[in-house]
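Student: When we follow our numbering, the leftmost residue of the sequence shown carries the number 653, and every step to the right adds one.
Every residue, glycine too, gets a C-beta built ideally from N, C-alpha and C.
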Amino acid sequence: MRIFECIICGFRYDEAAGLPEAGIAPATRWDEVPDDWICPDCGTGKHDFDMQLVSAPAHQG
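Structure below.
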């Protein structure tokens, strides 16, 4: 799963977590989020979000 970050305010949408308070279930991919969805913090649209690289946790053992 990926994380998308708003380039305006820094809000992060995590595909794994979804956004249940906005009706977006966990494991909802970014391309499945409605095109008219807006950032809950600043009100900008999906076009102002960029995918962020997320490193995998270091292997413990």
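1) According to the neighbour-count rule (16 or more other Cβ atoms, all chains shown, within 10 Å of its Cβ), is Glu684 buried or exposed?
2) Could you tell me the alpha carbon to alpha carbon distance between Cys738 and Asp666, rounded to whole angstroms?
3) With the cut-off set at 9 angstroms, would you say Trp630 and Phe656 are in Cβ contact?
4) Rounded to whole angstroms, what is the Cα-Cα separation between Ala679 and Pro686?
5) Within its chain, find whatever has a CB closer than 6 angstroms to the CB of Met703; leave out the 5 residues flanking it on each side and keep chain order.
Tutor: Inspection of the coordinates gives the following:
1) Locating residue 684 in the sequence shown gives position 32, where the first residue counts as 1. It is exposed - the Cβ of Glu684 has fewer than 16 other Cβ atoms within 10 Å.
2) Residue 738 lies beyond the stretch modelled for the chain, which goes from 653 to 713, so this question has no answer here.
3) Shown here, the chain extends from 653 to 713; a query on residue 630 therefore has no answer.
4) The residue you call residue 679 lines up with position 27 of the sequence shown. The residue you call residue 686 lines up with position 34 of the sequence shown. Taken atom to atom, the span from the alpha-carbon of Ala679 to that of Pro686 is near 14 angstroms.
5) For the purposes of this step, residue 703 is identified with residue 51 of the sequence shown, where counting begins at 1. Excluding residues up to 5 positions away in sequence, Arg654, Phe656 lie with their Cβ nearer than 6 angstroms to the Cβ of Met703 in the same chain.
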